[in-house]
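Residue numbers (the working numbering): 1456 to 2376.
Structure, rendered in structure tokens:
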């Protein structure tokens, strides 16, 4: 670690810390080296060397001060900038940086470099990572900045903290002052990494878990408990110190324990046939309630604090005044884990996320009628005793000793013990009948492990088993350049719907509706770009296309636009609600839809209209599931193992295995010069001797037994000799077909995994850089035949269902919700004379139009009252068959709701699913 010298100390940074003695350039050099290194283990070794040097320097600097607060925190907060996401907001985006750099370097607004900075997403903006602003900035700065900056890590942190404070206080001049100080004091490479730190995405190929594990083996676990990076670095400063006891403290936020996704038919296996607890899963927001005397704090799952809304004492807030007196005498301190729900006192019901009320808003009661109610399902600390290592089945009864429930404000979660899959299925069906989100199943003897999904907790929702989605056809009208691995392509698309026109006319005006950027593979995206590439036009907000109507202020302004007759329709999957949005001309949008398919079969003018959207707009709300789960529906057939019978083969040297006489072969090419091969055998049309002659003819050498100079072994079949060579594992063994292709094409062809019978460790590592685990190239297009071979090799791979992908999106992209309002409903419309004779239909049934509207909502309307029907829609002016329908329902194992047109209209008016029992005739 180099000393920065006193000439650079212009900030108020503390000078007796390691960070004030280490230049920022050293940290950037570390990041550059890690970025260029391949392999996670090698990256971690490089980081470890840096941390070890830091610790050595710390020991020398503070050898007489054991109580110092100095630690690795100033460096690790820059190595993990995303952990500052909630705590620190810099308020600086790429466009702001671009304008500052243009001003600092006195670039003309129309100069090529200014265009590169302002349009960094455009292809060819810079050499390197197309679409990455930091790389583009480096490309522009590298010939304009000093080779090394003058700031230390402490000084950089000082400026960043000042920028964050200035942004929070809306002090633009303060923000500008410190940004300019950074930009004028750092080299180009340092500015590249500074930009990535401010954008909170380093892209060095090391995860948060990897960085923390290098610092200390217990660092991640401790961080999960307290969400305090500075505290982790200080407490685990000595690598020999171990955090054997997790210290959960009142008012110290931590990430709660989470649940894995599961299905009822797998519960017994997941629980290892042990007892488990079943709880109702409510559609709310996770909350950790901390109490110490008359002081309260509320933390979200992310660690964000919402005490200012719910109340820090019994005299303020939307919740604390109503629960402060419910705690039992003797309860001085506690930490409760639960779900924050919205409770409507007038209807005695709980709201759902689909109803779009913000329970963390101070005026939520006045605006919506919903009041915060915390549903408590666990206790983690009681007075001074931490209960995380106490089994769940012992923690749950303690809740009765903590507080007395207050209806509509604080309640205890009900639970029951279970042992079988059937009990789990019954509980899920009960939740379905009650229109609840699902259930939680927890191993009875599980301990509480913060921020993990591997502790024996599982969440089971109906959509995990039979998720249904509604598809909408929208037209691509604009595009946005991608970044990172999607750089150089249009990766996101602005989609619109048409203004209605008279029958026979083509739509002329389109209103922006949503933006989609997921659901397609890299290959599909590349092909789609190629289809549209010649039709894209640069969007100019001063002269927008006349056919396209955008929101005021061009909030959704695309980088490019597309004439409608040159465009394509995308079929997207609708989320569980349509939400109001002023970012799109329609006035609403879908919550991050995914592309299901590109509709090449449908012309551009057959996209949805604004009227279609208006019909759907009032019909978005909570999730609806009407199907019941039956054990056995999802069970996979057992796989039979094939017996492998080994057969002894007596080796013998036949004529076809003898080497060819190459003494008279004339060399015609230098293609294989310097390359030696050992050919074991070849195909019938290109036997061993012919292959060997061709190798010599193209300048190569042949041997009958491989050695250290042999490039590879060529084989057609995996016979005894090849098996022995594989066991030896010293040589690459390549299929004879590869050599045949090289000879026929008269050009060198690189090996691919499909060409290999066996690879050495060194070759395997090289191939892993260019091919995935199935042999598909990261960089080269494949032919149809090659793709079929890749698919053939994936037969035994467990497929990823759409529900799996949706679960991943919900977890990692919380804004992308892929469910619909009525899509899971299968509705039978009572429009026949008798249930016994479904062929006799009433003409012009008044429910026909309503059935069409339900289809627009995503419901499946059927004329068969089978076991999968979730709702029966009857005409309230003709209830002559009502008794027959009810009698049929009593006989069914899977019950259905009987509803009238009033229920459908009520759902439309409320924008959410209303309880069916209120509308049953």
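Backbone N, C-alpha and C fix where the C-beta goes; we use that ideal spot for every residue, glycine too. Just so you know, these numbers come straight off a predicted model, no measurement behind them.
In this structure, what does DSSP give as the bridge partners for residue 1605? Numbered from 1 along the chain shown, position 150 holds the residue referred to as residue 1605. DSSP output for residue 1605 lists no bridge partner at all.
Work out the CA separation of residue 1487 and residue 1604 for me, nearest whole Å. The residue given as residue 1604 occupies position 149 in the chain shown. The residue given as residue 1487 occupies position 32 in the chain shown. Roughly 15 Å separates the two Cα atoms.
From the DSSP output, read off the bridge partner residues of residue 1714. Taking the chain shown and counting its residues from 1, one reaches residue 1714 at position 259. Residue 1714 pairs with nothing; no bridge assigned.
Per DSSP, what kind of secondary structure is residue 2134 in: helix, strand or coil? Counting from one through the chain shown, the residue named residue 2134 turns up at place 679. Correct three-state label for residue 2134: strand.
Work out the CA separation of residue 2052 and residue 1663 for me, nearest whole Å. Walking along the chain shown from the start, residue 1663 turns up at place 208. Walking along the chain shown from the start, residue 2052 turns up at place 597. Residue 1663 and residue 2052: Cα-Cα distance of roughly 35 Å.
CB of residue 1902 within 9 Å of CB of residue 1845, strictly: As a first step, residue 1902 is located in the chain shown; it is residue number 447 there, counting from the start. As a first step, residue 1845 is located in the chain shown; it is residue number 390 there, counting from the start. Yes, these two residues count as a Cβ contact at 9 Å.
Using a 10 Å radius around the Cβ and a threshold of 16 neighbouring Cβ atoms, would you call residue 1651 buried or exposed? Taking the chain shown and counting its residues from 1, the one referred to as residue 1651 is at position 196. With 16 or more other Cβ atoms within 10 Å, it is buried.
Endpoints, beta strand (DSSP E) assigned at residue 1788: The residue labelled residue 1788 in the question sits at position 333 within the chain shown. Residues 1788 to 1799.
First through last residue of the beta strand (DSSP E) which encompasses residue 1912: Here residue 1912 refers to the residue found at position 457 when the chain shown is read from its first residue. Here the beta strand (DSSP E) through residue 1912 covers 1912 to 1915.
Hey, how far is the Cα of residue 1862 from the Cα of residue 2331? The residue labelled residue 1862 in the question sits at position 407 within the chain shown. The residue labelled residue 2331 in the question sits at position 876 within the chain shown. If you take the alpha carbons of residue 1862 and residue 2331, they lie about 36 Å apart.
Cβ-Cβ distance between residue 1794 and residue 1737 below 9 Å: Stepping through the chain shown from its first residue, residue 1794 is reached at position 339. Stepping through the chain shown from its first residue, residue 1737 is reached at position 282. Cβ distance < 9 Å, so residue 1794 and residue 1737 count as in contact.
Looking at the structure shown, is residue 1755 part of a helix, part of a strand, or coil, going by DSSP? Locating residue 1755 in the chain shown gives position 300, where the first residue counts as 1. Reduced to three states, the DSSP call for residue 1755 is strand.
On the DSSP bridge list, what partners appear for residue 1936? On the chain shown, residue 1936 is found 481 positions in, with the first residue counted as 1. For residue 1936, which the question treats as bridged, DSSP gives the partners 1945.
Going by C-alpha distance, which of 1568, 1742, 1868 and 1733 is nearest residue 1597? Position 142 of the chain shown, counted from the start, is the residue given in the question as residue 1597. Taking only the C-alpha atoms, the option nearest residue 1597 is 1568.
When the Cα atoms are used, what is the spatial distance from residue 1937 to residue 1908? The sequence position of residue 1937 within the chain shown is 482, counting from 1. The sequence position of residue 1908 within the chain shown is 453, counting from 1. Cα-Cα distance, rounded: 32 Å.
Quick check on residue 1792: buried or exposed, where buried means 16 or more other Cβ atoms within 10 Å of its Cβ? Taking the first residue of the chain shown as position 1, residue 1792 is located at position 337. Classification for residue 1792: buried.
Relative to the C-alpha of residue 2236, which candidate in 2220, 1485, 2217 and 2207 has its C-alpha closest? As a working note, residue 2236 is residue 781 in the chain shown. Of 2220, 1485, 2217 and 2207, the residue nearest in Cα terms is 2207.
DSSP has residue 1953 in a bridge; who is on the other side? In the chain shown, the residue the question calls residue 1953 occupies position 498. Paired residues: 1965 and 2064.
Using only the alpha-carbon positions, how far apart do residue 1833 and residue 1729 sit? On the chain shown, position 378 is the one that residue 1833 refers to. On the chain shown, position 274 is the one that residue 1729 refers to. If you take the alpha carbons of residue 1833 and residue 1729, they lie about 20 Å apart.
Using three-state DSSP, classify residue 2000 as helix, strand or coil. In the chain shown, residue 2000 corresponds to position 545, counting from 1. Residue 2000 falls in the coil class under three-state DSSP.
Of all the options 1963, 1472, 2025 and 1847, which has the alpha carbon lying nearest to the alpha carbon of residue 1928? In the chain shown, residue 1928 corresponds to position 473, counting from 1. Checking every option, the nearest Cα to that of residue 1928 belongs to 2025.
CA nearest to the CA of residue 2192, picked from 1491, 2018 and 2209: Numbered from its first residue, the chain shown carries residue 2192 at position 737. If we check each option's Cα against that of residue 2192, 2209 comes out closest.
Residue range of the unbroken alpha helix (DSSP H) whose run includes residue 2143: Looking up residue 2143 in the chain shown gives position 688. Start and end: 2143 to 2152.
Sort 2136, 2004, 2186 and 1849 by Cα distance to residue 2195 and report the nearest one. Residue mapping note: residue 2195 aligns to position 740 of the chain shown, counting from 1. Per the Cα distances, 2136.
With which residues is residue 2035 paired in a DSSP beta bridge? In the chain shown, residue 2035 corresponds to position 580, counting from 1. Residue 2035 is bridged to 2043.
Under 9 Å, Cβ to Cβ, is there at least one residue of chain B near residue 1679? Given the protein chain composition of this structure (a single chain), no chain B is represented.
Alpha carbon to alpha carbon, how far is residue 2369 from residue 1800? Along the chain shown, one-based indexing puts residue 2369 at 914. Along the chain shown, one-based indexing puts residue 1800 at 345. Spanning the two alpha carbons is a distance of roughly 16 Å.
Assign residue 1960 to one of two classes, buried (16 or more other C-beta atoms within 10 Å of its C-beta) or exposed (fewer than that). Residue numbering aside, residue 1960 sits at position 505 when the chain shown is read from its first letter. Residue 1960 is exposed by the Cβ-count criterion.
Around the C-beta of residue 1646, are 16 or more other C-beta atoms found within 10 angstroms, so that it is buried, or is it exposed? In the chain shown, counting from the first residue as 1, residue 1646 sits at position 191. Residue 1646 comes out buried.
Distance check for residue 2146 and residue 1493, CA to CA, integer angstroms please. Against the chain shown, residue 1493 aligns to sequence position 38. Against the chain shown, residue 2146 aligns to sequence position 691. In a straight line, the C-alpha of residue 1493 is about 37 Å away from that of residue 2146.
If I follow the unbroken beta strand (DSSP E) through residue 1871, where does it start and stop? The residue you call residue 1871 lines up with position 416 of the chain shown. Here the beta strand (DSSP E) through residue 1871 covers 1870 to 1873.
Can you list, in chain order, the residues of its chain whose CB lies under 7 Å from that of residue 1643, leaving out five sequence neighbours each side? Looking up residue 1643 in the chain shown gives position 188. 1593, 1596, 1597 and 1600, listed in sequence order.
Pull up the DSSP beta-bridge partners for residue 1571, would you. The residue you call residue 1571 lines up with position 116 of the chain shown. Beta-bridge pairing links residue 1571 to no other residue.
Of the residues 1536, 1636, 1788 and 1877, which one's Cα is nearest the Cα of residue 1840? Start at 1 with the first residue of the chain shown, and residue 1840 comes out as number 385. The candidate whose alpha carbon is nearest that of residue 1840 is 1788.
Grab me the residues of residue 1906's own chain with a C-beta within less than 6 Å of its C-beta, minus the 5 sequence neighbours each way, in chain order. Position 451 of the chain shown holds residue 1906. For residue 1906, where only same-chain residues beyond five positions count, the Cβ hits under 6 Å are 1679 and 1710.
Residue of 1704, 1694, 1672 and 2360 minimising C-alpha distance to residue 1683: The residue labelled residue 1683 in the question sits at position 228 within the chain shown. 1704 is the residue among 1704, 1694, 1672 and 2360 whose C-alpha sits nearest the C-alpha of residue 1683.
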